[in-house]
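Numbering (UniProt numbering), first residue to last: 1 to 242. The beta carbon of each residue, even a glycine, is placed where N, CA and C say it ideally should be.
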Amino acid sequence: MSSIEQNIEQISSQMRMAQQKCGRPMGSVQLLAVSKTKPTQAILEAAVAGQVAFGENYVQEGVDKVAYFSNRHPDLALEWHFIGPIQSNKTRLVAESFAWVHTIDRAKIAQRLNDQRPKDLPPLQVLIQVNTSSEDSKSGACEEQEIFQLAELISSLPNLTLRGLMSIPANVASYDLQLAAFTHLAELKEALAKRFPNLPIDTLSMGMSGDMEAAIEAGSTMVRIGTAIFGARDYKSKPQTK
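Encoded structure:
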């Protein structure tokens, strides 16, 4: 068993324990392996171990990896999520390559992703990013009205399907503070689902290595784990996709 396979099993075990502890059904939380800066060989090891969903933060790096696995390992049928900030001049690449986008935070990006989604692909599954801590250094909608307005727009776009919300809360050690931030996002998701009953709003992308348990207790359906699976990142080296 490779170290990556062992790490996935350890994280999966922690997820099962957290679900059991708070009385949630087994399998109600998906593991998203954050593979940014990691080489294709590491992703392949994770995929062989059974991991299907991968998250990328950098557009060109992610596009290259999607193309590599589509061409070299189509049998794996991996699911690619874009979880980084999106510049308007990069929306076409994201729309053409990814199945999910977690970081829609303004109308312009939503409109461009819709307009540039290839007609032969299914609708892009999208999440609205929420800045739950109102930090200037983080992207995301802050006000409830802003979230609802963006959701209204997305609901009218045929090539996007709104699935829920995503956040990167403040990095705090207190479990109670973590839980409070995640509970707020869960409440916003429920309000969104009530406002738009015809949309499949069923996803909360929240929780990383340091706050995964609090996120699961609050209702996360997708946790984003990177270093705990792949090891420390080297941002100086370019991932190899050949």
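Does the beta-carbon of residue i have 16 or more other beta-carbons within 10 angstroms, so that it is buried, or is it exposed?
i: A77; result: exposed
i: R163; result: buried
i: E152; result: exposed
i: P200; result: exposed
i: A232; result: exposed
i: S35; result: buried
i: K242; result: Model confidence at K242 stands at a pLDDT of 47, short of 50, so the residue's coordinates are unreliable and nothing is read from them.
i: D105; result: buried
i: G23; result: exposed
i: R72; result: exposed
Check the DSSP bridge columns for residue i and list the partner residues they point to.
i: Q30; result: M222
i: H81; result: G55 and W100
i: A141; result: V130
Between the beta-carbon of residue i and the beta-carbon of residue j, is there less than 8 Å?
i: N7; j: A228; result: yes
i: V126; j: I154; result: yes
i: L165; j: L121; result: no
i: A33; j: A46; result: yes
i: A49; j: E5; result: yes
i: I109; j: I128; result: no
i: T221; j: D202; result: yes
i: H102; j: S13; result: no
i: P197; j: T161; result: no
Grab the span of the beta strand (DSSP E) containing residue i for me, first residue to last.
i: residue 243; result: Since the first residue of the chain shown is 1 and the last is 242, residue 243 is not available in this structure.
i: R163; result: L160 to S167
i: E130; result: Strictly speaking, residue 130 in this sequence is Val, with Glu absent from that position. That run of the beta strand (DSSP E) goes L124 to V130.
i: G231; result: Premise fails: G231 is in no beta strand (DSSP E) and is neither H nor E.
i: S205; result: T203 to S205
Along the chain, where does the alpha helix (DSSP H) containing residue i start, and where does it finish?
i: L113; result: A107 to Q116
i: I154; result: E144 to S155
i: A47; result: T40 to V48
i: K189; result: Y175 to R195
Looking at the C-beta of residue i, does it have a partner C-beta in chain C at a distance below 8 Å?
i: Q87; result: Looking at the structure shown, chain C is missing, and only one protein chain is on hand.
Any 3 or more C-beta pairs closer than 8 Å across the region 52 to 67 and the region 85 to 100: yes
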